[in-house]
Structure formats: structure tokens, C-alpha cells
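Residue numbers (the numbering used here), protein chains in the order written: chain A, 16 to 476; chain B, 16 to 476.
There are 2 protein chains.
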Amino acid sequence: MFEVEQERIDMLEAIEEFLTRKQFAQLRALLATLEAPDVAILMEDLSMEQVPLVFRLLGKEDAAEVFVELDSDQQELLIQGFSNAELKDILDEMYVDDTVDIMEEMPASVVKRILQHSDPQMRRSINELLKYPEDSTGSIMTTEFVDLKSDMTVSDAFRRIRLTGPDKETINIGYVIDVRRRLMGIVTIRQLLLAKPDEIIGDIMNSNPLSASTLDDQEATARALAKYDFLALPVVDTEHRLVGIVTVDDAIDVLQEEVTEDMEIMAAISPTDKPYLKSSIWETVKARTPWLLILMISSTFTSQIISTFEDALAACTVLTIYIPMLMGTGGNCGTQASVTIIRGISLDEIDFSDIWDIVWKESRVAIGCGAFVGAANFIKLLVLDKWILGNDDITMQVALVICLAMICTVLFAKLVGSTLPLLAKKLGFDPAVMAAPLLSTMVDAISLLIYFQIASMALGI
Amino acid sequence: MFEVEQERIDMLEAIEEFLTRKQFAQLRALLATLEAPDVAILMEDLSMEQVPLVFRLLGKEDAAEVFVELDSDQQELLIQGFSNAELKDILDEMYVDDTVDIMEEMPASVVKRILQHSDPQMRRSINELLKYPEDSTGSIMTTEFVDLKSDMTVSDAFRRIRLTGPDKETINIGYVIDVRRRLMGIVTIRQLLLAKPDEIIGDIMNSNPLSASTLDDQEATARALAKYDFLALPVVDTEHRLVGIVTVDDAIDVLQEEVTEDMEIMAAISPTDKPYLKSSIWETVKARTPWLLILMISSTFTSQIISTFEDALAACTVLTIYIPMLMGTGGNCGTQASVTIIRGISLDEIDFSDIWDIVWKESRVAIGCGAFVGAANFIKLLVLDKWILGNDDITMQVALVICLAMICTVLFAKLVGSTLPLLAKKLGFDPAVMAAPLLSTMVDAISLLIYFQIASMALGI
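See below:
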């Protein structure tokens with residue numbers, strides 16, 4: 016792995032030098048020392064002419080592994096250049112779930128060519144997997160697993176694993192099915208190794224294992240793998256027939272994607288599948304602008320509120336100066352609470368039934384935070400702004416108004432920030448999507464109303 | 016797994032009913048159908064008296080698995096109540112890395128008791144693991160792995176796995192070491208199963224496997240497991256001696272923790288280890304207040320800027336109304352860019368060498384976003400605010416000033432938002448920690464300066 020960026024740059028230079036000097040044997044030896052994901056990263060920085068050259072120097076098995084890791088433009092380029100025999104070789108080495116992932120990004124002509132050069136069994140599996148909706152468990156599962164029968168002996172099972180194992184994505188778990196292919200149990204390779212050769216699979220298997228359903232949300236399935244520390248989870252159809260398995264490496268990928276999505280949503284970006292540097296200017300603009308516009312609508316309310324109190328502000332202009340601070344603190348408090356709750360919901364630590372505990376807790380936290388922030392602000396107003404910077408408009412009364420407004424804003428922002436995501440979830444919306452724009456709109460508007468209300472009562476304006 | 020909250024509540028009621036009626040046999044049978052993490056979740060909602068009762072109904076192996084998943088208060092409660100024999104039983108079933116994780120949360124008296132009842136080999140391992148610094152790879156590894164010698168035959172290896180396997184965290188990979196315990200290679204159970212019994216391990220193993228070092232950051236190691244799709248990664252000391260392995264389930268936990276930490280930092284919260292509902296009011300206040308204060312300092316600058324332009328604002332009060340909208344849009348644009356870059360850095364998709372590509376890309380994106388937002392705003396000002404709401408202070412000139420300021424603010428915010436995390440990373444700081452407060456301070460201040468500068472030039476105030 017490239018711990019330091021410099022390592023990657025040095026390696027790239029070495030590859031380019033071997034290519035220029037046509038020292039292919041040395042290059043082949045160098046590539047053989049690298050792991051597939053690292054080769055793929057390096058190939059991203061090579062030119063369109065260099066990529067096929069380097070790719071053909073990889074061993075058959077390595078080539079398939081590297082191919083899976085490349086980005087789709089390079090995959091397409093390579094497939095276009097492949098002879099039929101080369102394409103068949105790569106397809107034979109690839110797992111069916113990876114093949115399907117790649118095909119989903121390819122133009123129709125390439126998809127057709129891939130199907131033509133897959134063997135019939137593979138073609139059936141591909142067509143099967145292509146059917147499942149995006150984000151479903153079916154779309155991330157593989158159909159290549161070890162299936163066993165409950166009346167096999169342990170040595171029968173080993174024979175079957177040795178026979179069919181080379182093509183399976185994992186042999187660490189065997190899946191026991193009945194004649195109608197319904198899932199009966201699972202047996203780990205550890206259990207098989209520690210059992211006697213003539214023991215019966217049905218006697219040593221774990222019956223009624225947890226399973227996912229093909230149409231389950233992929234995130235729920237990935238979370239289950241993480242929660243139960245499973246290496247793979249069986250996937251069944253509506254009649255409880257075993258149709259595939261989801262392996263932990265694919266679950267990790269799903270979890271990472273979902274986290275990126277959550278972060279994007281929290282930062283007011285519509286989630287996209289493509290990495291930042293691969294997406295076009297237009298795609299990025301499209302992902303970002305709608306949320307900026309929605310959030311701008313929110314500021315229409317604040318503008319309206321400020322303009323309603325324009326006369327009061329004109330009478331006491333010093334109040335204007337502290338509007339950004341007040342709204343900023345409100346926004347920060349709201350975000351602190353909402354992100355905590357949204358993450359808690361994602362990790363299954365928090366659900367709607369906790370709402371009263373959360374309201375009670377946030378109220379106390381808000382009073383704590385509000386007291387500190389209010390006191391610090393009071394001192395800052397009188398010492399820094401009035402005394403040192405000489406702003407004589409700040410009277411004791413004004414300072415008290417600002418601090419009181421701040422404490423109320425903190426309390427309000429924390430309560431809204433913590434409850435909105437829970438309510439959104441309860442109503443069936445994504446907590447992050449619903450919470451962010453609504454939260455900022457509400458907190459901005461109400462913090463101003465609180466401020467002006469307190470000011471007009473206390474200062475009589 | 017509890018897909019629906021209701022399922023969990025129903026199950027809890029069933030357990031409490033069995034407990035009240037003292038129907039322990041039925042309760043034992045019910046518990047046996049559940050997975051350990053689910054039992055642990057249910058036990059969190061039981062009373063202090065019920066927990067030990069339910070715990071004693073679990074099978075020996077299940078009990079250890081559930082114990083590991085409980086929160087530390089309940090673990091401590093149970094240990095206090097265990098007889099020495101019970102404690103020893105649990106410890107025998109637990110993996111050493113889990114034991115160490117638990118011990119790190121326990122008071123000294125409990126730690127001592129655990130050490131007294133561990134067998135000597137376990138005690139040595141525990142003391143070894145307790146030495147590694149928090150967040151190091153050493154602190155998340157386990158010392159229970161299958162070690163093989165390169166001159167063994169495949170059937171020797173199987174004999175060794177059958178003999179030592181039951182205590183190992185995984186038997187899916189065997190680690191080949193030399194007489195000085197230096198890591199020579201790895202061999203998977205699949206390779207062993209597909210090889211002939213008399214083949215020599217040294218001939219079939221993968222030599223020079225990737226490894227982590229005990230003092231490597233745990234996040235880097237977890238990312239490597241995710242990137243290379245490994246089920247476990249060997250960990251070596253400074254002399255390349257194999258001291259442990261990190262398994263994929265622990266890597267997932269680390270990745271989840273690190274994501275939570277990143278999100279907390281982005282939301283201006285100091286990261287804590289404890290789940291939200293478990294942390295005290297004071298801990299939550301302590302995690303949130305410092306950042307609110309730091310961000311308040313930022314608003315000192317904005318207050319200063321506004322007060323400098325107080326006279327201009329008094330001359331043209333309509334400008335005040337749009338300050339929150341302008342600063343809000345600037346803040347949103349900055350966050351959009353910075354979160355995208357921070358996540359890209361975390362996922363190893365972006366590094367410092369991409370900075371010019373990013374600046375070029377963000378400039379174009381900013382012009383695109385700015386154009387849309389500016390145009391929408393222009394229409395809104397003239398149609399909604401002036402025409403419909405009848406604010407006659409909005410002249411064509413004022414509307415142009417506001418929109419021009421908005422476009423400049425978007426451009427500036429996106430450039431600062433995208434480059435700050437990269438600069439922070441380059442200087443060795445956490446991109447998220449450095450970026451958030453600095454970003455909001457800079458964007459707030461500069462967007463106001465841009466606004467007032469353009470206003471005073473265009474409107475002559």
C-alpha cells in the first residue's frame with residue numbers, strides 16, 4: 016500500500032521508464048510485486064496507449080483482479096481493444112457479481128459482447144443479477160457459493176468443496192439446502208475441519224441461520240454483516256430458496272458509499288455515485304445548485320423578518336452587528352444536535368422511542384452550552400467590544416438582551432436539531448435529507464424572532 | 016435482526032413475562048434462537064436484577080459472545096457478581112483482543128481479578144496487548160492466529176489447524192513464520208484444500224504478503240483491509256516478527272468509529288468514544304461548547320466588519336436585510352466543497368498533488384452554481400421582494416449589487432472550501448478539524464467585505 020504519496024509517484028515513474036525503454040520483462044516483474052488495487056491506481060495515471068500495454072503484462076488472475084478495480088472508462092477502452100479470446104479469459108477469471116457491476120456502467124454494444132463470450136451458466140447468472148433493482152440486496156450478491164446437502168458426510172462436503180471451490184467467491188462457509196433449494200443451515204469450514212470425516216452435515220450445521228431477502232435494502236444487509244461480524248450472509252427469495260450470498264468485502268463497499276451519501280446530504284449536496292474527480296462540471300453543478308436554491312428560500316424568511324423590524328434596527332443599529340453571530344451560533348448548535356442524532360440512527364443506537372430521553376437530555380445540554388456561550392459572550396461584549404474597541408452603543412441592557420437571546424436560541428436550536436431527524440425518520444423520510452434544509456430555515460427564522468422580541472421588550476423599541 | 020422496532024419491543028415483553036412467571040426453560044429456548052448482538056441489545060433494557068438472571072440462561076459459548084457486546088456498566092455488574100469459576104469459564108471462551116477491549120474500560124480491581132483468572136498464556140497476551148497505544152494497530156489486533164512453518168506439508172498444516180484451531184479467531188488464513196517468528200508468507204484455507212496432501216507449504220504460500228506494523232494508525236490498517244478485500248492482515252513488530260493479526264470485523268468497527276468522528280468534527284463537536292445516549296450531560300456539554308466558543312470568535316470579525324460599515328448601512332438600510340442570505344449561501348458553498356474534499360481524502364481518492372485540478376474544477380463549478388443562484392436571486396429580488404412584497408428600496412442597482420456579491424462569494428467560498436482541507440492535510444493537521452472553523456471564519460468575513468466593497472463602489476455610499 017502506498018503510505019506516502021511519494022511512493023506512488025516513484026512507482027509511476029519507474030513504470031513509465033520501463034515502458035519507454037521497452038523493458039517489458041522487468042516491468043512484468045515489478046507489477047507482480049504489487050497488489051491489484053495499487054496497480055489499478057497506477058494505471059489511472061497512464062496514457063490511453065500505455066494502459067493496454069501494461070495490462071497485457073499482468074498474469075491471468077492478476078489481470079482479472081486489476082480489471083475489476085479500474086474505472087469504467089478504462090474498462091471500456093480495454094474491452095474495445097480485447098480480442099474475443101482475451102475477453103473470454105478475463106470473464107472466466109472474474110466473479111459474476113463483479114462482472115455485473117462492470118456491465119451496469121457499459122454501453123449496450125459492450126454488454127452484448129460480454130454476454131456473447133460468457134459461458135451459458137455465467138450468462139444465466141448475469142441475467143438473473145441484472146434484474147434486481149439498484150440498491151437492493153440482490154444487486155450486490157453473488158451467485159457463486161458452496162452449496163451442500165444435509166445428508167452429506169463431512170468428507171462428501173470436502174470433496175464437493177475441492178471440486179467446485181475454485182470458482183466460488185468464498186469457501187469459508189458452506190450453505191446447506193434441501194431438494195427445493197431452500198436454505199436449511201450453514202456450516203463453516205472451521206466446523207468441517209474440526210468434525211470427524213463421517214459426521215453428517217445435518218448434525219453439525221447451524222440451523223435457521225439469519226438471511227437477507229433479495230429485495231432488502233443493501234444498506235440494511237451491509238449493516239447486518241457488520242453488526243453480527245459475519246463473513247457472508249445468505250440471500251433468499253420470497254420462497255426462502257437460496258439464490259446468493261453477500262460477502263463482507265462488498266458490504267464494506269456499501270457501508271462506505273452510504274456514509275459518503277450521508278455526508279453529502281448533510282453538506283447540502285445531492286448524492287452521486289461517481290468520485291469527485293471523475294464527475295463532470297455539469298454533474299457537480301447539478302448536485303449542488305438545487306440545495307443552494309432551497310436554502311436561499313429559507314433566507315427569504317429571515318430577510319422578511321429583518322425587514323419587519325427595520326425601524327427598530329434603525330433606532331438601535333448596534334443590534335444589527337450581532338445578527339450573524341446569533342444566527343451562526345444557532346446554526347452550529349442545531350447541526351451539533353442533528354448530526355449526533357442522524358449518526359445515532361444510522362448506527363441503530365437511537366430510534367423514535369428514545370425521543371423523550373433525547374429531548375430531556377438535549378434540554379439540559381442546551382442549558383449547559385447556553386450558559387457557557389452566553390457568559391463568554393457577555394464578557395466579550397463588555398470587555399472587548401465596549402471597553403477595548405470603544406463601541407459605546409453597547410450598554411449593559413444591550414449586552415443582556417444579546418446574551419439572553421443567545422441562550423434561548425441555543426435551547427431552541429438543540430431541541431429542533433435533535434427532534435427533526437427523529438420525526439423525519441418516523442414519517443419515512445431520510446433523516447439527513449429532511450433535517451438539513453428545514454433545520455436551518457427554522458433555526459434562522461426563530462432565532463431572529465427571539466432576538467427582536469427580547470430586544471423590543473427590554474429596550475422598548 | 017430487528018428490522019422493525021416493534022419486533023424488539025415484543026421480544027422484550029416476552030422475556031420480561033417469562034422472567035416474572037419464572038419460566039426459565041422457555042426463556043432459555045427463546046434466547047437460543049437469537050444472535051448474540053441482539054441479546055445484548057435486549058439486555059440493555061432489562062433491570063439490574065434481571066441482567067444476571069438472563070445471562071446465566073445463555074449457553075457457555077453464547078454467554079461469551081453476548082458478554083463482549085454488552086456495554087461496560089453491565090459487564091462490570093456481571094463480573095462483580097460472577098463466582099471465580101464463572102469468570103474463568105467466560106474468559107476461556109473469549110478472544111484475547113475482546114478481553115483487552117473490555118479490561119480497558121474496567122476499574123483496577125476488576126482488571127486484577129480478570130488477570131488472576133486467566134491462564135498464564137492468556138495473561139501474557141493480555142499484558143502484551145495492553146501495552147500498545149490507543150488508536151494503534153497493536154491495540155486492535157489479536158494474538159490468536161494459526162502459525163505454520165514453511166517446511167510443513169499440507170497434511171501437517173491441517174493437523175496443526177485441527178489441533179490449535181478451536182482457540183483461534185480465524186482459521187481461514189494460516190501465517191507462515193520462520194524460526195525467529197518472522198513473517199514469511201500466508202496460505203489460505205482454500206489453497207490448502209485445493210492442494211495435494213504432500214505439497215510443501217513453502218511452495219504454495221504467497222510470499223511477502225502485505226502487513227501492518229504494531230504502531231501504524233488503526234485507521235490506516237482498517238482502510239487497507241477494506242481496500243484489498245482482505246479477511247485479515249498480519250501485524251509485525253519492528254523486526255518483522257509476526258505478533259498478531261487484525262480481522263475484518265474489527266476493521267469495520269474502526270472504520271465506523273472513524274466516520275462518526277469525522278462527522279462529529281465536521282459538525283463542530285469534539286469526538287467522544289461513547290454512544291450519545293450513554294454519555295453524561297457534562298461530557299456532551301464539554302464536547303460541544305469549545306467549538307461554539309471558537310466559532311463565536313469568528314463572528315467577532317464579522318461584527319467588526321459590519322460595524323465598520325455601519326454608516327453605509329444606515330444610508331442604505333435595505334442592504335442589511337440580505338446579509339444573512341449572502342453569508343448563508345457562502346457558508347453552504349464552502350461546506351459543499353470542503354466536505355467533498357475531506358471525504359475524498361479519507362477514501363484516498365484525492366491527495367495534495369490534485370490541488371490544481373481541484374482549483375480549476377471548483378472555479379468552473381463555482382461559476383456554474385454562482386450563475387444559477389445569482390440569476391434566481393435577481394428574479395426573486397425584483398419579482399417577489401420588490402413587486403409582490405412591495406419593498407421599494409430595492410432598485411435595479413441594489414439588486415445587481417446583491418447578485419454580483421453573491422456570485423463573488425460563491426466563487427470565493429468554493430475555492431477556500433476546497434483548498435483548505437488539502438492545505439491542512441499537507442501541514443499534518445486533520446483536514447476536518449482545521450477546515451471547519453477556519454473556513455466559516457474566512458468565508459463569513461470575506462463575503463461581507465466583498466458585499467460592502469461592491470455596494471460602496473456601485474451605490475456610492
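By construction, the Cβ of each residue, glycine as well, lies at the ideal position given by its N, Cα and C atoms.
Residue i, DSSP secondary structure in three states
i	result
residue 436/B	helix
residue 200/A	strand
residue 229/A	coil
residue 259/A	strand
residue 467/B	helix
residue 221/A	strand
residue 123/A	helix
residue 152/B	helix
residue 17/B	Summary for residue 17/B: the model assigns pLDDT 48, below 50, so the residue's position carries little reliability, and this model does not support an answer.
residue 247/A	strand
residue 164/A	strand
residue 474/B	helix
residue 189/B	strand
residue 419/A	helix
residue 114/B	helix
residue 215/B	strand
residue 350/B	helix
residue 157/A	strand
residue 74/A	coil
residue 392/B	helix
residue 38/A	coil
residue 54/A	helix
Proximity to residue i [Cα-Cα], best of the options
i	options	result
residue 274/B	283/A, 362/A, 247/A and 195/A	362/A
residue 98/B	128/B, 447/B, 443/B and 261/B	128/B
residue 116/A	465/A, 52/A, 87/A and 70/A	87/A
residue 91/A	383/A, 110/A, 108/A and 119/A	119/A
residue 226/B	339/B, 238/B and 215/B	238/B
residue 411/A	404/A, 398/A and 422/A	398/A
residue 371/B	415/B, 434/B and 337/B	434/B
residue 394/A	272/A, 413/A, 287/A and 214/A	413/A
residue 352/A	307/B, 353/B, 387/B and 379/B	307/B
residue 377/A	296/B, 272/B, 454/B and 316/B	296/B
residue 125/A	96/A, 83/A and 143/A	96/A
residue 467/B	83/B, 196/B and 334/B	334/B
residue 102/A	75/A, 232/A and 234/A	75/A
residue 233/A	164/A, 461/A, 267/A and 224/A	267/A
residue 303/A	32/B, 285/B and 382/B	382/B
8 Å Cβ cutoff met for residue i and residue j
i	j	result
residue 439/B	residue 458/B	no
residue 93/A	residue 52/A	no
residue 111/A	residue 137/A	yes
residue 456/B	residue 228/B	no
residue 425/A	residue 344/A	yes
residue 452/A	residue 230/A	no
residue 188/B	residue 246/B	yes
residue 339/B	residue 338/A	yes
residue 212/B	residue 168/B	yes
residue 260/B	residue 270/B	no
residue 195/B	residue 256/B	yes
residue 471/A	residue 329/A	no
residue 346/B	residue 291/A	no
residue 476/B	residue 331/B	yes
Cβ-Cβ separation, residue j to residue i (assumed contact under 8 Å), whole Å
i	j	result
residue 262/A	residue 157/A	7 Å
residue 463/B	residue 342/B	7 Å
residue 27/A	residue 73/A	Not really, about 16 Å apart at Cβ, beyond 8 Å.
residue 417/A	residue 396/A	6 Å
Residue i Cβ short of 7 Å to the ligand SAM heavy atom set
i	result
residue 148/B	The ligand SAM is not part of the structure shown, which contains no ligands of any sort.
*asked:* Would you call the segment 266-284 of chain A in contact with the segment 212-225 of chain B, where contact means no fewer than 3 C-beta pairs closer than 8 Å?
replied: no
*Contact the segment 161-173 of chain B vs the segment 201-210 of chain B: 3+ CB pairs below 8 Å*: yes
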